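Let me begin by presenting the structure, written as structure tokens, before commenting on it.
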Ligand SMILES: [Zn+2]
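Numbering (my numbering), first residue to last: 43 to 394.
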């Protein structure tokens, strides 16, 4: 039965930031091949992405910023130290932004859909962190604009905080943006502290959960139990967007979190259950992950988001040895302390 919508075409392989860049275009085809090996591809409905138009991009970005990207496309150049504007990357990100819009159209009747997105470091007037167009924000804006919804929840479980998405919705109470990420004192983009809670009408609708380095599944579940789930149930989203990616994996080359494949799977499963229970839908976006483990992490996540009982680990090489961890007890204490201060910051806005 072909019942899992996934937005893919070989054109995504044009994604290319140049030799040696950690965000590779080969990951998309690689993941589709892995879905095939795992016997899941037959159950997927592959939908071809359509490029987002300028009008779509302008819902999240300024005209000045789009002009700058166009200029850099012609001349070559960089939006930031890690983000060159290449023809391939700009085109692929436009396609991915378009697929987010198609996915919103598709899931509003209920159900799940998957895109290769989550370019959450692009803000209203800036691009950085491998991100040119913020497809997460563009999808959320379409849900609010052309579909007229009032409450969108974005759960950003990428290891890096979603500073671009935060920038775009910082004053907007229609979008509950919850980012669970590695402590910003230890990683790019250096944003996402508990006291960053929104501004003006949006105060209380930005929620940052900075996890101590090496945090594993138990710590993530603490955060779901005490913050993410109560917030989602009180907010009652009409659409649920998850900005995923496998960089919280403990062997990721750019991060220092502690989820193993089972952890990535369990976080996705918990997200799915919460999303379907609150909004009845889930738009699951996945693009991040750095090193040899990207597609295996994605498979673990995909199986969680779709509640598949596939033995995802049997398609992966043996997992690398874990780094020596801080004791579980001290991680639990650090996580609990962080969650308490977050609840103090947000207590005036939410019941918990
Ligand atoms: Zn990331």
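For glycine and all other residues, C-beta sits at the position ideal for the given N, C-alpha and C. These numbers were taken from a predicted model, which means no experiment stands behind them.
Proximity to residue i [Cα-Cα], best of the options
| i | options | result |
| --- | --- | --- |
| residue 179 | 89, 329, 163, 190 | 163 |
| residue 81 | 46, 199, 118, 275 | 46 |
| residue 348 | 312, 117, 115, 184 | 312 |
| residue 295 | 75, 362, 350 | 362 |
| residue 115 | 309, 122, 130, 322 | 130 |
| residue 392 | 246, 369, 260, 334 | 246 |
| residue 128 | 389, 111, 137, 303 | 111 |
| residue 259 | 272, 302, 280 | 302 |
| residue 99 | 373, 305, 176, 64 | 176 |
Cβ-based neighbour list, residue i, same chain, cut-off 8 Å, excluding 5 preceding and 5 following
| i | result |
| --- | --- |
| residue 104 | 166, 167 |
| residue 43 | Because residue 43 carries a pLDDT of 49, less than 50, the predicted location of this residue cannot be relied on, and the following value inherits that uncertainty. Closer than 8 Å at Cβ, skipping near neighbours: 85. |
| residue 238 | 208, 248, 250 |
| residue 231 | 163, 170, 171, 202, 203, 205 |
| residue 173 | 125, 135, 161, 162, 163, 164, 206 |
| residue 265 | 222, 251, 253, 377, 381 |
| residue 213 | 240, 241, 242, 243, 244 |
Residues of its chain near residue i, where Cβ-Cβ distance is below 7 Å and the 5 sequence neighbours each way are ignored
| i | result |
| --- | --- |
| residue 216 | 186, 192, 193, 194 |
| residue 225 | 252, 253, 254, 255 |
| residue 277 | 193, 195, 218 |
Residues of its chain near residue i, where Cβ-Cβ distance is below 6 Å and the 5 sequence neighbours each way are ignored
| i | result |
| --- | --- |
| residue 140 | 91, 92, 93, 94 |
| residue 146 | 181, 184, 185 |
| residue 233 | 203, 205, 226 |
| residue 228 | 255 |
| residue 37 | Lying before the first or after the last residue shown, residue 37 is absent from the chain, which here runs from 43 to 394. |
| residue 299 | 201, 224, 257, 290 |
| residue 211 | 217, 219 |
Proximity test, residue i beta-carbon vs ligand 3 heavy atom, cut-off 7 Å
| i | result |
| --- | --- |
| residue 100 | Only ligand 1 can be found as ligands here, which leaves ligand 3 out of the picture. |
Residue-level contact to chain B via CB, residue i, 8 Å cutoff
| i | result |
| --- | --- |
| residue 256 | The structure shown contains no chain B, having only a single protein chain. |
Exercise. Counting Cβ pairs closer than 8 Å, one from the stretch 350-359 and one from the stretch 310-329, do we hit at least three?
Worked result: Counting C-beta pairs closer than 8 Å gives fewer than three between the stretch 350-359 and the stretch 310-329, which falls short of the contact rule.
Problem set entry | Under 6 Å, CB to nearest heavy atom of ligand 1: contacting residues | Look at which beta carbons fall closer than 6 Å to any heavy atom of ligand 1; those residues are 200, 201, 202, 287, 289, 330.
Problem set entry | Unbroken stretches of the beta strand (DSSP E), 3 residues or longer, contained in the stretch 122-167 | If we require 3 residues or more, the beta strand (DSSP E) runs fully inside the stretch 122-167 come out as 153-157.
For this session: Within the stretch 222-286, note down every full beta strand (DSSP E) run reaching 3 residues or more, in order along the chain.
Result: Here the runs fully enclosed are 248-253, 281-285.
Exercise. Okay, do the stretch 277-287 and the stretch 325-339 touch, 3+ Cβ pairs below 8 Å being the bar?
Worked result: Yes, they touch.
Problem set entry | Whole runs of the beta strand (DSSP E) within the stretch 295-344, excluding any shorter than 3 residues | Scanning the stretch 295-344 from its first residue to its last, the whole beta strand (DSSP E) runs of 3-plus residues come out as 323-327.
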